[in-house]
Amino acid sequence: MPKVEPNIDALWAEIGRLSEAGELRRLSSAFARFVAGLGSASPPLVLAAAVLSELEGRGHSCLQLADLAAGPAGLLGWDQEQWAQLAASAAPLPKGAAGWRKLLAGCEQVWDRTELDYDQPLVLDGERLYLRRYWRDETQVARGVRERAGTAHAVDEALVRDWLDRLFVSQPDVEGPDWQKLACAVALRGSVAIITGGPGTGKTYTVARLLALLFATAPDADRQRVALAAPTGKAAARLKQSIDKALNELADRVGADLPLRKLTERMGAARTLHSLLGARPDTRAFRHNRGNPLEVDVLIVDEASMVHLEMMASLLDALPPGATLILLGDKDQLASVEAGAVLGDLCHDAHLGNYDAATVDYIRRASGEVVPDAYHGGGGPLAQQTVMLRRSRRFGGPIGQLALAVNAGDEARVEQVLRADGDEVRWIDHAQQAHVLQLAQAGYAPYLELLRAGPQGEHEDWVRQVLQRFEAFRILCAVREGEWGVSGLNEAIERRLAAQGLLRHGVEWYAGRPVMVTRNDYATGVFNGDIGVTLPDPARPGAPRVYFLEGDAVRSVLASRLRNVETAFAMTVHKSQGSEFRHTVLALPRESNAVLTRELVYTGITRASKVFTLVTPNGAVLREAIASRTYRTSGLRALVA
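Residue numbers (the UniProt record's numbering): 1 to 641.
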């Protein structure tokens, strides 16, 4: 029988109280009991297990012992009194990080990396405590990235320079280096490259030229196997569409010297990461892994900020040793919903450059670009393969200025841009829900009017137009519940549109109902985050279908086959990543909470391509969000360095 400490009952009572109050997941409570049942269970161990499990649910991959010693109330989203009460029920607690390390290292449920491994559920690695699965994923990602960053490719620098001069238009009036051109040269020389940058900095524009450069300089270009992928179907379709457009434009420029159109056709469609890796129902394991690797030579992954730790570990495990991995993304966007902030960790210091002398010389020889002294440094191997694009070609106006101000935490500048009298950025402060409903009616009217008019020609052309009009406008929320959350606004918007005669929602699958898929469904080929619109099927009256747009292609699923969906007039900012809307409305709640951060506001703003409207019932919430940074505990940055 496990040894039971005298005061363990007080701790269980407090854990139970927090679970009942919704401050602690029931899963965290259950995990603590599981750990306690494996052997001698001191109250501090039970406390650490519960906190670690709770932090995993909040996106952290580990627990720093220093945070545990100081009190992790902030990480848990609690006030200090809540933490003090829980800590008191487990007293006495170890003193400082060293005390916690000594206690945990002596627990039979914890594998100390300096000792023999008996498959314990907890892993103590230096000053970090992990759930075993996340320790395995994090070390696997770190090892895979380090190995690839340290693998150099032979480069014919003169040939690369010649092609880069042809692929990029000279910009003598632009100050500083052409970071896009520079990024292509850097990516070509290694087995991994990270290209990061904000909206409009041309990440896909750059990677299209990188592909052309690869085809032009590789001796076996006609046999290069290139795969395109992204976390969601929408992001994958946008990646393929953008690259195809850029490569077609390049094909006209380079002419017969490089059969770009022929080479492009061989790439095939972009895929979701789940599809690429071969996801299987009822298991977390993928069909492709180290024993059955992907058949690719170059893999390009867009929207990499959305890739969580477990997925990145699976991706690196399935990538052949000789393949090149190109990660594209905005390091300042929200991290994935699940544990880890992989892209943010990998290129945390990308804005500093930190290029060593060898890299600076290589860039000059291979691209003709001169790296300013401010970006010289002594960064590690991954820093030499990372480039941050710094010039936005799309966001030079108020939306871009607002995004930059939010990202910098400049509250005064944010308010100045929001209060300027312009058509591109609008702020409705001290708002009522009615303001959002008015915006929804105006924003969704174009697709609903087309729906009411019905097909005037080919049914598929009509469906495509309906979907394109719907995708032009979206309401984004910071939270799910309440009057200002996804659920409350979706219900209110449905009622408003029905009252105005714009839709009829007497049945579940009414014509025009937009839905978001909430779970991967391999049987129907739809994935978490996919958004479609319910429309009649002319071949089967009375059996509506949900139509999805991927690039210009339309696909559909019988509505009755979709089990895990929710209405999507409004959606969370998290779910909007990888999407872009002509007019984006960001509705913040009345009160602050842990999810309201600078990164969330920045991500919401950068979903807008032409018009951004901020709706706040309480302007103070915006200021508090800008002042709050997302922080996820991780060991990845240290492991890769």
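We put the beta carbon where it would ideally sit given N, CA and C, even for glycine.
What number of angstroms, rounded off, separates the C-alpha of residue i from the C-alpha of residue j?
{"i": "glycine 71", "j": "tryptophan 83", "result": "7 Å"}
{"i": "cysteine 477", "j": "tryptophan 100", "result": "40 Å"}
{"i": "glycine 501", "j": "alanine 570", "result": "19 Å"}
{"i": "proline 281", "j": "arginine 287", "result": "11 Å"}
{"i": "leucine 122", "j": "glutamine 109", "result": "6 Å"}
{"i": "residue 665", "j": "threonine 616", "result": "Past the boundaries of the shown model lies residue 665; the chain is included only from 1 to 641, so the question cannot be answered."}
{"i": "methionine 267", "j": "histidine 505", "result": "42 Å"}
{"i": "serine 628", "j": "leucine 47", "result": "27 Å"}
{"i": "glutamine 433", "j": "methionine 306", "result": "30 Å"}
{"i": "leucine 549", "j": "leucine 116", "result": "53 Å"}
{"i": "alanine 97", "j": "alanine 251", "result": "59 Å"}
{"i": "threonine 272", "j": "threonine 283", "result": "17 Å"}
{"i": "glutamine 333", "j": "alanine 318", "result": "26 Å"}
{"i": "arginine 540", "j": "leucine 558", "result": "10 Å"}
{"i": "tryptophan 179", "j": "glycine 200", "result": "13 Å"}
{"i": "valine 360", "j": "arginine 133", "result": "39 Å"}
{"i": "threonine 151", "j": "tryptophan 135", "result": "24 Å"}
{"i": "residue 651", "j": "leucine 131", "result": "Only positions 1 to 641 of the chain appear in the structure, and residue 651 is not among them; the question remains open."}
{"i": "alanine 412", "j": "leucine 258", "result": "51 Å"}
{"i": "glycine 190", "j": "alanine 323", "result": "10 Å"}
{"i": "alanine 341", "j": "histidine 308", "result": "7 Å"}
{"i": "leucine 20", "j": "leucine 76", "result": "Residue identity differs from the one stated: residue 20 is glutamate in this sequence, not leucine. Approximately 16 Å between the Cα atoms of the pair."}
{"i": "glutamate 295", "j": "arginine 225", "result": "7 Å"}
{"i": "leucine 214", "j": "threonine 139", "result": "31 Å"}
{"i": "arginine 166", "j": "valine 254", "result": "8 Å"}
{"i": "alanine 270", "j": "leucine 596", "result": "32 Å"}
{"i": "leucine 247", "j": "alanine 50", "result": "52 Å"}
{"i": "valine 160", "j": "glutamine 385", "result": "17 Å"}
DSSP three-state label for residue i, please.
{"i": "valine 566", "result": "Inspection of the sequence shows that residue 566 is occupied by glutamate rather than by valine. The answer is strand: DSSP assigns glutamate 566 an E or B state."}
{"i": "serine 609", "result": "strand"}
{"i": "proline 44", "result": "helix"}
{"i": "valine 601", "result": "helix"}
{"i": "proline 381", "result": "helix"}
{"i": "leucine 93", "result": "coil"}
{"i": "arginine 590", "result": "coil"}
{"i": "phenylalanine 581", "result": "strand"}
{"i": "proline 2", "result": "Residue placement at proline 2 cannot be trusted, given a pLDDT of 46 that sits under 50; the coordinates are not used to answer."}
{"i": "residue 646", "result": "There is no way to answer for residue 646, as the model of the chain reaches only from 1 to 641."}
{"i": "serine 556", "result": "strand"}
{"i": "methionine 267", "result": "coil"}
{"i": "threonine 196", "result": "strand"}
{"i": "arginine 128", "result": "strand"}
{"i": "residue 661", "result": "There is no way to answer for residue 661, as the model of the chain reaches only from 1 to 641."}
{"i": "valine 615", "result": "strand"}
{"i": "threonine 386", "result": "strand"}
{"i": "alanine 209", "result": "First, the residue type needs correcting, since residue 209 is arginine and not alanine in the sequence shown. Here arginine 209 sits in helix by DSSP."}
{"i": "phenylalanine 34", "result": "helix"}
{"i": "asparagine 407", "result": "helix"}
{"i": "phenylalanine 286", "result": "strand"}
{"i": "valine 226", "result": "strand"}
{"i": "glutamate 500", "result": "It should be noted that the sequence gives glutamine, not glutamate, for residue 500. Three-state result, glutamine 500: coil."}
{"i": "aspartate 429", "result": "strand"}
May I ask you to check if the CB of residue i is nearer than 7 Å to at least one heavy atom of the ligand FAD?
{"i": "valine 123", "result": "This structure simply doesn't include the ligand FAD, nor any ligand for that matter."}
If you count every other CB in all the chains shown that lies within 10 Å of the CB of residue i, and 16 or more means buried, which is it?
{"i": "arginine 128", "result": "buried"}
{"i": "phenylalanine 34", "result": "exposed"}
{"i": "residue 662", "result": "Since the first residue shown for the chain is 1 and the last is 641, residue 662 is missing from the structure and cannot be characterised."}
{"i": "alanine 358", "result": "exposed"}
{"i": "serine 392", "result": "buried"}
{"i": "threonine 114", "result": "exposed"}
{"i": "alanine 285", "result": "exposed"}
{"i": "lysine 240", "result": "buried"}
{"i": "glycine 529", "result": "buried"}
{"i": "histidine 430", "result": "exposed"}
Is there a C-beta anywhere in chain B that falls below 8 Å from the one on residue i?
{"i": "aspartate 67", "result": "No chain B appears in the structure shown, which is made up of a single protein chain."}
List the DSSP bridge partners of residue i.
{"i": "histidine 376", "result": "Tyr355"}
{"i": "alanine 69", "result": "Beta-bridge pairing links alanine 69 to no other residue."}
{"i": "leucine 55", "result": "Per DSSP, none; premise fails for leucine 55."}
{"i": "alanine 123", "result": "The sequence as given places valine at residue 123; alanine does not occur at that position. In DSSP, valine 123 forms a bridge with Trp111 and Tyr130."}
{"i": "glycine 176", "result": "DSSP, once it has assigned bridges, lists no residue as partnering glycine 176."}
{"i": "alanine 279", "result": "Phe286"}
Say whether the stretch 328-338 touches the stretch 46-60, bearing in mind that this needs 3 or more beta-carbon pairs closer than 8 Å, one atom from each stretch. Yes, the stretch 328-338 is in contact with the stretch 46-60.
Do the stretch 180-198 and the stretch 206-221 touch if we need at least three Cβ pairs shorter than 8 Å? Because the criterion of three Cβ pairs below 8 Å is met, the stretch 180-198 and the stretch 206-221 touch.
Would you call the stretch 511-518 and the stretch 626-640 in contact, with 3 or more CB pairs under 8 Å? Because the criterion of three Cβ pairs below 8 Å is not met, the stretch 511-518 and the stretch 626-640 do not touch.
Are the stretch 469-486 and the stretch 564-583 in contact at 8 Å, needing three or more beta carbon pairs? yes
Three or more C-beta pairs below 8 Å linking the stretch 583-592 and the stretch 602-616: yes
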